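J.: The numbering of the sequence shown is our numbering, which starts it at 902 and goes up by one.
Glycine included, C-beta positions come from ideal geometry on N, C-alpha and C.
None of these values were measured; they are calculated from a predicted model.
What follows is a single structure, and I will ask about it in a moment.
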Amino acid sequence: MSVQTTATLLGDLVSANPNAARVLDAHGLDYCCGGRRSLADACAEADIDADAVLNDLSAAPEATGVDATALDNAELIDHIVSIHHEYLWREMPRLTELANKVARVHGGNHAELREVQKTYQALVLDLTDHLMTEEQEQFPAIKADRADLSETGVAKLMGEHDVAGELLARLRELTDGYTVPADGCASYQALYAGLAELETDLHTHIHKENNILFPRLLSNA
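Below, the structure is given as structure tokens:
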């Protein structure tokens, strides 16, 4: 992996080593929608010691999976759909049932669960529309070289991720970082574990589009 410094962009850190994503997530640093910021700028904004984060990043093991940066645009799109879209299509209904059940059973003692349920429903609605648009319109157009590759067109694609990012941040806030209370049942635990996993996967998903695919489209426009 190339030498990383506090001047390195967050998105480039994760592109160089996908395992850096978990380190940045642990520090609450947005590398997907906010991936074009340097580590120094992001840490200054969050009042975090950038050198300490850099040390944690240096200790992250090298990733052994697919190198998204080595895929061409068509291959990267197929990878995003088969890995991340399929995950969401499979996982969103399961978590919807859990969110409804947990809110119904525990909502009396934990009022925040109603807001968790409402926020998650908003995320599902946003993602459902977004995924369908990408699969049926945007991605086929990109693969066929028919997409709008202007800055405005790419900015629109990237902007659609901002709503999901904000809703994810709200879920993390409402759940205190997905911390299950002492009286949380197995379903409660499964819900929070599933939401945490969905957050991690969606951050990686958005990173691959915002920081790898879409900049390529601009550079080739």
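Let me make sure I understand the geometry here. Which of Y1089, K1057 and T1101 has the alpha-carbon closest to that of D920?
T.: Here residue 920 refers to the residue found at position 19 when the sequence shown is read from its first residue. Note on identity: in this sequence residue 920 is Asn, with Asp being the wrong assignment. The shortest Cα separation from N920 among Y1089, K1057 and T1101 belongs to T1101.
J.: Looking at C-alpha atoms only, which residue of T909, V924 and C934 is the closest neighbour of I1131?
T.: Examination of residue 1131 is not possible in this model, given that the chain is present from 902 through 1122 alone.
J.: Please state whether DSSP places S1051 in a helix, a strand or coil.
T.: Here the question's residue 1051 lines up with position 150 in the sequence shown. Reduced to three states, the DSSP call for S1051 is coil.
J.: Return the CA-CA distance between N1121 and L999, expressed in angstroms with no decimal places.
T.: Here the question's residue 1121 lines up with position 220 in the sequence shown. Here the question's residue 999 lines up with position 98 in the sequence shown. Going by the C-alpha atoms only, they are around 44 Å apart.
J.: Is there contact between the region 1079–1092 and the region 1006–1025, where contact requires at least three CB pairs shorter than 8 Å?
T.: yes
J.: For the alpha helix (DSSP H) containing N1111, name the first residue and the last one.
T.: The residue given as residue 1111 occupies position 210 in the sequence shown. No alpha helix (DSSP H) contains N1111, which DSSP labels as neither H nor E.
J.: Measuring only the C-alpha atoms, how far is D926 from N956?
T.: Locating residue 926 in the sequence shown gives position 25, counting from the first residue. Locating residue 956 in the sequence shown gives position 55, counting from the first residue. Roughly 15 Å separates the two Cα atoms.
J.: Determine whether the beta carbon atoms of R1015 and A1004 lie at a separation below 8 Å.
T.: Indexing the sequence shown from 1 puts residue 1015 at position 114. Indexing the sequence shown from 1 puts residue 1004 at position 103. Yes.
J.: Measure the C-alpha to C-alpha separation of E1052 and L1118 and round it to an integer number of angstroms.
T.: Mapped onto the sequence shown, residue 1052 falls at position 151. Mapped onto the sequence shown, residue 1118 falls at position 217. Going from the Cα of E1052 to the Cα of L1118 covers about 9 Å.
J.: Return helix, strand or coil for L930, following the three-state DSSP convention.
T.: As a first step, residue 930 must be located in the sequence shown, where it is residue number 29. Residue state, collapsed to three classes: coil.
J.: Just to confirm the assignment, what range does the alpha helix (DSSP H) spanning L940 have?
T.: Locating residue 940 in the sequence shown gives position 39, counting from the first residue. That run of the alpha helix (DSSP H) goes L940 to A947.
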